[in-house]
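Peer 1:
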Amino acid sequence: MESEISWNEAGLVPAVAIDAASGAFLMMAWMNRESLQATRDSQQATFYSRSRQRLWRKGETSGNTMLVREIRLDCDGDTLVLEVVPKGPACHTGKPSCAYRRVDGDELVEDQGPIGAPAAVLDRVSSVAFQRSMSTAEKSYTKSLFDGGWEKIIAKLREETGELIDELPAGEDKAVVGETADLLFHLIVALTGRGIATARVWAELERRFGTSGHDEKRGRDQQ
57 MESEISWNEA GLVPAVAIDA ASGAFLMMAW MNRESLQATR DSQQATFYSR SRQRLWRKGE
117 TSGNTMLVRE IRLDCDGDTL VLEVVPKGPA CHTGKPSCAY RRVDGDELVE DQGPIGAPAA
177 VLDRVSSVAF QRSMSTAEKS YTKSLFDGGW EKIIAKLREE TGELIDELPA GEDKAVVGET
237 ADLLFHLIVA LTGRGIATAR VWAELERRFG TSGHDEKRGR DQQ
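Residue numbers (the working numbering): 57 to 279.
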């Protein structure tokens with residue numbers, strides 16, 4: 057496989073990391089043969105630092121590692137694409153993506169980075185919820201939920217579930233959409249409180265996709 061890669065004169069190739077769940081761009085770094093092999097062996101994104109001239113594993117100091125689910129090579133053989141499951145923000149600034157500056161006319165506007173697939177909005181909400189759960193200074197509704205503990209979070213889940221159930225039979229579409237968004241938000245807060253990444257939920261849905269209902273139920277019953 058390595059013979060198909062167009063290494064540059066320094067023996068390096070750019071590697072782009074994208075979110076396996078959403079396809080959103082996360083970061084770009086360089087790989088040499090050794091870091092590529094280390095990535096394949098460990099399934100942890102490992103790159104080559106040109107400034108320090110050594111291998112570095114993503115998250116080795118921050119803890120924001122990247123589990124590599126798949127490695128792809130582009131048509132010209134000069135770019136690797138890593139499909140990863142990120143544990144925390146990809147950027148050292150704390151942003152979910154390193155591409156958090158968007159060109160707007162002649163200006164650069166900061167945001168949270170490319171969204172990717174529509175479901176990636178939920179991943180972004182999850183990232184923001186995590187950041188606010190760790191904040192010691194920020195005052196926000198999300199932070200107040202974490203400060204209130206499980207009693208408050210579960211009470212809000214029950215409340216939002218009831219409101220959605222009330223709207224579903226005959227409520228206006230706008231109300232159903234709004235209540236669904238409220239419930240999803242509070243579910244994400246609850247998952248964040250448990251330390252469970254939304255990517256794990258998407259992976260479970262992906263595992264079940266294409267499986268018949270009876271087969272899927274049998275699989276759960278056998279666990």
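All C-beta atoms in this analysis are idealised placements derived from N, C-alpha and C, irrespective of residue type, glycine included.
1. Can you pull the DSSP bridge partners for R180?
2. Per DSSP, which residues does Y104 bridge with? Please list them.
3. Report buried or exposed for A151, applying the criterion of at least 16 other Cβ atoms within 10 angstroms of its Cβ.
4. Taking CB distances under 8 angstroms as the criterion, tell me whether L111 reaches chain D.
5. Would you mind working out which of R106, V140, V233 sits nearest G115, comparing C-alpha positions?
6. Look at the Cβ atom of Q100, then the Cβ atom of T121, and state whether they are nearer than 8 angstroms.
7. What are the boundary residues of the beta strand (DSSP E) that I127 is part of?
8. Return the bridge partner residues of F81 from the DSSP annotation.
9. Measure the C-alpha to C-alpha separation of S268 and G227 and round it to an integer number of angstroms.
10. According to the Cβ coordinates, are E235 and E219 closer than 8 angstroms?
11. Measure the C-alpha to C-alpha separation of E302 and A237 and round it to an integer number of angstroms.
12. Mind checking which residues open and close the alpha helix (DSSP H) that includes D97?
13. Starting from the C-beta of S105, find all residues in its chain whose C-beta is less than 7 angstroms away, skip the five residues before and the five after it, and write them out in chain order.
14. With a CB to CB cut of under 7 angstroms and the five nearest residues on each side skipped, what residues in its chain are close to T224?
15. From I209, C131, N88, pick the residue whose C-alpha is nearest to that of L239; which is it?
16. Ignore the nearest five residues each way along the sequence and tell me which others in T254's own chain have a CB closer than 7 angstroms to its CB.
17. For D134, collect the residues of the same chain with a Cβ closer than 6 angstroms to its Cβ; drop the 5 residues on either side in sequence, then sort them by chain order.
18. Residue range of the alpha helix (DSSP H) that D229 falls in?
19. Looking only at C-alpha atoms, which of P70, G79, A193, S153 sits nearest to L92?
20. Would you mind giving the Cβ-Cβ distance between P142 and L82, rounded to the nearest angstrom? I have them listed as a contact below 8 angstroms.
21. So, with DSSP's three-state summary, where would you put E163?
22. What residues match up with V140 in a beta bridge as DSSP calls it?
23. Among residues of its own chain, excluding the 5 on either side of Q168, which ones have a beta-carbon nearer than 8 angstroms to its beta-carbon?
24. So, with DSSP's three-state summary, where would you put S268?
Peer 2: Let's see:
1. According to DSSP, which records beta bridges pairwise, R180 is partnered with nothing at all.
2. L111
3. Contrary to the premise, residue 151 reads as Lys rather than Ala in this sequence. So K151 ends up on the buried side.
4. Considering every chain present, this structure includes no chain D. It has just one protein chain.
5. V140
6. yes
7. 122-129
8. I74
9. Note that S268 has pLDDT 49, beneath the 50 cutoff, so the model's placement of it is unreliable and the number below is only indicative. Roughly 32 angstroms between the two C-alpha positions.
10. Yes, the pair counts as a contact, with Cβ atoms nearer than the cut-off.
11. Missing from the structure shown is residue 302; the chain here goes from 57 to 279 and no further.
12. 89-98
13. W112
14. Strictly speaking, residue 224 in this sequence is Leu, with Thr absent from that position. Once the five neighbours on either side are set aside, the close Cβ partners of L224 are V232.
15. For the residues I209, C131, N88, the minimum Cα distance to L239 belongs to I209.
16. L178, D179, S182, I244, L247
17. S62
18. 229-250
19. P70
20. 6 angstroms
21. strand
22. D75, V124
23. K151, P152, S153, Y156, R180, S183, V184
24. Only weak support exists for where S268 lies, its pLDDT of 49 falling under 50; the coordinates are left without a value.
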